[in-house]
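Enquirer: In our numbering, the protein residues as written are 5 to 450.
Written as structure tokens, this is what we have:
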């Protein structure tokens with residue numbers, strides 16, 4: 005089912021300056037997990053700062069369908085969980101819309117339950133590969149009793165009477181695969197081990213420990229992480245303050261860098277080292293980003309970012325950084341378009357299996373707006389022009405991808421000619437406040 009049947013185009017035009025202080029919505033990754041762990045834990049969980057985008061709400065709906073009670077009280081979400089091991093069989097398919105994280109993590113969560121669960125989603129989600137999650141679940145005894153060709157949605161799982169613990173080496177850098185196995189282990193007796201050759205975002209490990217799971221994490225001499233989790237733990241409700249999403253912060257951040265005269269402060273941004281690759285890269289490009297008021301918020305580091313217009317230069321982005329900024333490459337490509345010289349982004353083949361083929365979508369969007377770039381199977385090279393002269397005037401095909409839509413609207417704020425995206429509707433999946441926040445800073449978006 006396509007949730008975005010009526011496209012709503014949008015156009016961004018060259019803006020004078022962007023100024024002000026903003027706070028971006030709560031981190032998407034943490035928000036998904038807060039709903040899931042709160043719904044699973046015994047007792048009550050209270051969440052502030054939750055991202056109220058469509059993707060996260062689908063995860064909340066799924067937890068309610070399996071027995072959790074979720075209500076909103078003022079600025080707080082209150083969850084009465086079912087207790088680990090006590091999820092109920094949903095009476096209807098779980099519709100995840102466009103939510104890749106929510107669907108994949110929930111497959112891990114419910115897969116080891118002796119019940120039947122069906123997953124459906126929109127056209128974009130149906131195109132995304134699920135085998136990477138289903139393969140380790142099969143090793144634990146989970147049956148995929150129905151699926152679209154290529155292990156895609158719609159699909160139906162049925163768990164074993166008693167799941168088997170496994171030791172699983174993640175074949176690609178994927179926090180979703182790692183997390184799905186760890187969640188499956190919660191309803192599996194014994195010790196399950198996830199071996200992670202390349203570290204990815206570690207919110208699942210941190211939050212599981214916070215809810216009471218017994219985890220042991222060891223990094224060997226080669227830098228390979230071994231995460232061991234004891235099955236069938238008691239999880240207890242927690243109080244969670246969700247920090248601002250660095251992936252969302254990247255859009256106003258880059259906008260301030262490329263629009264002359266801009267001076268913007270973005271407050272309360274998550275600074276987990278597994279999520280700050282975009283900041284590290286922009287600093288290397290010469291960005292004026294001041295990291296202010298570093299502080300701890302519920303076990304995660306947060307800070308305020310003051311960003312000012314900067315003369316950027318091209319860089320070679322290390323492929324090893326990709327796991328720490330995989331969602332930010334579209335907006336990085338926009339920054340690179342306004343940098344002096346060549347920016348090379350290699351090791352980014354994972355972009356081809358996101359909400360769309362993001363690597364191709366970014367390249368076509370840049371070309372449509374006069375930017376010189378070269379796309380290969382796992383690499384994008386952008387040759388920038390700091391003044392943006394001759395850029396713009398094109399329409400970008402978004403392919404139901406929220407990050408493509410936002411990235412090219414940001415681009416249009418600094419191009420000579422306006423930039424149009426064919427649809428902005430899906431921006432609500434991750435950043436429903438995007439339009440209001442950006443126009444409040446002075447962005448010309450209609």
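From the three backbone atoms N, C-alpha and C, an ideal C-beta is built for every residue, glycine too.
(1) Residue 34: buried (16+ other C-beta within 10 angstroms of its C-beta) or exposed?
(2) Taking C-alpha atoms, which residue in 64, 304 and 143 lies nearest to residue 72?
(3) Only counting runs of 3 or more residues, tell me where the beta strand (DSSP E) segments fall wholly within the segment 223 to 269, in order along the chain.
(4) Is the beta carbon of residue 270 sitting closer than 7 Å to the one on residue 309?
(5) Measuring only the C-alpha atoms, how far is residue 75 from residue 346?
(6) Can you grab the Cα-Cα spacing for the pair residue 336 / residue 155, in whole Å?
(7) What's the C-alpha gap between residue 99 and residue 157?
(8) For residue 430, does the three-state DSSP call read helix, strand or coil?
(9) What are the residues that DSSP puts in a beta bridge with residue 121?
(10) With a Cβ-Cβ cutoff of 7 Å, do residue 247 and residue 274 count as a contact?
(11) Look at the alpha carbon of residue 305 and the alpha carbon of residue 129, and state the distance between them as a whole number of angstroms.
(12) Leaving aside the five residues before and after residue 26 along the sequence, list all residues of the same chain whose C-beta is less than 8 Å from its C-beta, in chain order.
(13) Quick one: is residue 238 buried, meaning 16 or more other Cβ sit within 10 Å of its Cβ, or exposed?
(14) Judging by CA-CA distance, which residue of 417, 240, 399 and 10 is the nearest neighbour of residue 21?
(15) Give the list of continuous alpha helix (DSSP H) stretches no shorter than 4 residues that lie fully inside the segment 180 to 227.
(16) Who does residue 377 pair with in a DSSP beta bridge?
(17) Does the beta-carbon distance from residue 103 to residue 62 come in below 7 Å?
(18) Can you tell me whether DSSP reads residue 306 as helix, strand or coil?
(19) Check this for me: beta carbons of residue 294 and residue 330, under 7 Å apart or not?
(20) With three or more C-beta pairs closer than 8 Å as the rule, is the segment 202 to 217 touching the segment 131 to 150?
(21) Quick one: what does DSSP say residue 19 is sitting in, helix, strand or coil?
(22) If you draw a straight line from the alpha carbon of residue 7 to that of residue 123, how long is it in whole angstroms?
(23) Would you identify the three-state DSSP class for residue 6, choosing helix, strand or coil?
(24) Can you tell me where the alpha helix (DSSP H) with residue 443 in it begins and where it stops?
(25) Run through DSSP, which three-state label would residue 3 get?
(26) Considering just the uninterrupted stretch of the beta strand (DSSP E) at residue 151, what are its terminal residues?
(27) Over what stretch of residues does the alpha helix (DSSP H) that includes residue 170 continue unbroken?
(28) What span of residues does the alpha helix (DSSP H) with residue 65 cover, start to end?
(29) Please list the segments of the beta strand (DSSP E) lying wholly inside the segment 338 to 370, counting only runs of 3 or more residues, in order along the chain.
(30) Along the beta strand (DSSP E) that carries residue 84, what are the first and last residues, could you check?
(31) Taking the straight line between their C-alpha atoms, what separation do you get for residue 426 and residue 16?
Expert: Checking against the coordinates, here is how it stands:
(1) Counted from its first residue, the chain shown places residue 34 at position 30. When all chains shown are included, residue 34 counts as buried.
(2) Numbered from 1 along the chain shown, position 68 holds the residue referred to as residue 72. Selected option, being the one with the closest Cα: 64.
(3) 229 to 234 and 243 to 245
(4) As a first step, residue 270 must be located in the chain shown, where it is residue number 266. As a first step, residue 309 must be located in the chain shown, where it is residue number 305. Yes, Cβ-Cβ distance for residue 270 and residue 309 is below 7 Å.
(5) Numbered from 1 along the chain shown, position 71 holds the residue referred to as residue 75. Numbered from 1 along the chain shown, position 342 holds the residue referred to as residue 346. Residue 75 and residue 346 have their C-alpha atoms roughly 50 Å apart.
(6) Your numbering for residue 336 matches position 332 in the chain shown. Your numbering for residue 155 matches position 151 in the chain shown. So the two alpha carbons sit approximately 31 Å from each other.
(7) Within the chain shown, numbered from 1, the residue matching residue 99 stands at position 95. Within the chain shown, numbered from 1, the residue matching residue 157 stands at position 153. Roughly 10 Å separates the two Cα atoms.
(8) To locate residue 430, count along the chain shown from 1; it is residue 426. For residue 430, the secondary structure class from DSSP, reduced to helix, strand or coil, is helix.
(9) Within the chain shown, residue 121 is the residue found at index 117, counting from 1. In the DSSP output, where bridge partners are listed per residue, residue 121 has 161.
(10) Position 243 of the chain shown holds residue 247. Position 270 of the chain shown holds residue 274. Closer than 7 Å, so yes.
(11) Start at 1 with the first residue of the chain shown, and residue 305 comes out as number 301. Start at 1 with the first residue of the chain shown, and residue 129 comes out as number 125. Cα to Cα, the separation comes out at about 32 Å.
(12) Your numbering for residue 26 matches position 22 in the chain shown. Only 256, 268, 269, 270, 271, 441, 444 and 445 meet the Cβ criterion.
(13) Counting from 1 along the chain shown, the entry for residue 238 is found at position 234. Label assigned to residue 238: exposed.
(14) In the chain shown, residue 21 corresponds to position 17, counting from 1. Taking only the C-alpha atoms, the option nearest residue 21 is 417.
(15) As far as the segment 180 to 227 is concerned, its whole alpha helix (DSSP H) runs of at least 4 residues are 207 to 215.
(16) Locating residue 377 in the chain shown gives position 373, where the first residue counts as 1. 386.
(17) As a working mapping, residue 103 is identified with position 99 in the chain shown. As a working mapping, residue 62 is identified with position 58 in the chain shown. The answer is yes: Cβ separation under 7 Å.
(18) Position 302 of the chain shown, counted from the first residue, corresponds to residue 306. In this structure, residue 306 counts as strand in the three-state DSSP scheme.
(19) In the chain shown, residue 294 corresponds to position 290, counting from 1. In the chain shown, residue 330 corresponds to position 326, counting from 1. Against a cut-off of 7 Å, the Cβ pair of residue 330 and residue 294 comes out as no contact.
(20) no
(21) For the purposes of this step, residue 19 is taken as residue 15 along the chain shown, with counting starting at 1. In this structure, residue 19 counts as coil in the three-state DSSP scheme.
(22) In the chain shown, residue 7 corresponds to position 3, counting from 1. In the chain shown, residue 123 corresponds to position 119, counting from 1. Confidence at residue 7 is low in this model, with a pLDDT of 45, below 50, so its placement is unreliable and no value can be given for it.
(23) Position 2 of the chain shown, counted from the first residue, corresponds to residue 6. Low per-residue confidence applies at residue 6: pLDDT is 41, beneath 50, and the placement is therefore not dependable enough to give any value.
(24) Sequence index remark: in the chain shown, residue 443 carries index 439 (1-based). Here the alpha helix (DSSP H) through residue 443 covers 438 to 445.
(25) In the structure as shown, the chain begins at 5 and stops at 450. Residue 3 is therefore absent and cannot be evaluated.
(26) Counted from its first residue, the chain shown places residue 151 at position 147. Per DSSP, residue 151 belongs to the beta strand (DSSP E) from 147 to 152.
(27) One-based indexing of the chain shown puts residue 170 at position 166. Looking at the DSSP string, residue 170 is not in any alpha helix (DSSP H), and its letter there is neither H nor E.
(28) Counting from one through the chain shown, the residue named residue 65 turns up at place 61. Per DSSP, residue 65 belongs to the alpha helix (DSSP H) from 58 to 69.
(29) 345 to 350
(30) Indexing the chain shown from 1 puts residue 84 at position 80. Element bounds for residue 84: 80 to 84.
(31) Residue mapping note: residue 426 aligns to position 422 of the chain shown, counting from 1. Residue mapping note: residue 16 aligns to position 12 of the chain shown, counting from 1. Roughly 12 Å between the two C-alpha positions.
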